[in-house]
Amino acid sequence: MSRTKLDLVCILDGCTRPRKARGRCPFHYEKARLAGEFGDLGKQCQVEGCRRRHAAKGYCQQHYDEHRHELRKRRSVPNPEQHLIYLRSLVGIPAEGPTEEQRRRWTLQEAS
Ligand SMILES: [Zn+2]
Ligand SMILES: [Zn+2]
């Protein structure tokens, strides 16, 4: 029966405290958890003031969803202003718009 007894104590060498979780006594369990030994389980969300458990990319599930949502939004709706400047740069127009010279040339082209 001594084996059963042994199985109920902390797995850490020399520790005889009773097990609490993951084969460890409360003391060693907490120590391992804080050290990140259980992977993401011990980590917390990186958002200031959020104490939920870490889910992905440093965030809890809720903040991760928000973060992902935010990223998708930024990707799908490009800044219209920036986009216009980009399009202008493709055809050699300054960021602030066509120059007088360019406008005159276009008018001439349209007329011909
Ligand atoms: Zn222990
Ligand atoms: Zn969070």
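Add 400 to a position in the sequence shown, counting from 1, and you land on the number used in the working numbering. For every residue, glycine included, the Cβ atom is placed at its ideal position computed from N, Cα and C. A quick note: this is a predicted structure, and the numbers were derived from the prediction, not measured.
Less than 9 Å separates the beta-carbon of Arg419 from that of Leu408.
No heavy atom of ligand 2 is found nearer than 8 Å to the CB of Val409. Straight across, the Cα-Cα distance linking Glu510 with Lys473 is about 39 Å. Contact residues of ligand 2 (beta-carbon closer than 6 Å to any heavy atom; chain order) are Cys445, Val447, Cys450, Arg452, Tyr459, Cys460, Gln462 and His463. Excluding five sequence positions before and after Arg417, the CB atoms of its chain that fall closer than 8 Å to its own CB belong to Val409, Cys410, Cys425, Pro426, Phe427 and His428, given in chain order. Assignment of Gln509 by DSSP, reduced to helix, strand and coil, places it in the helix class. Assignment of beta-bridge partners to Tyr459 by DSSP yields Ala456.
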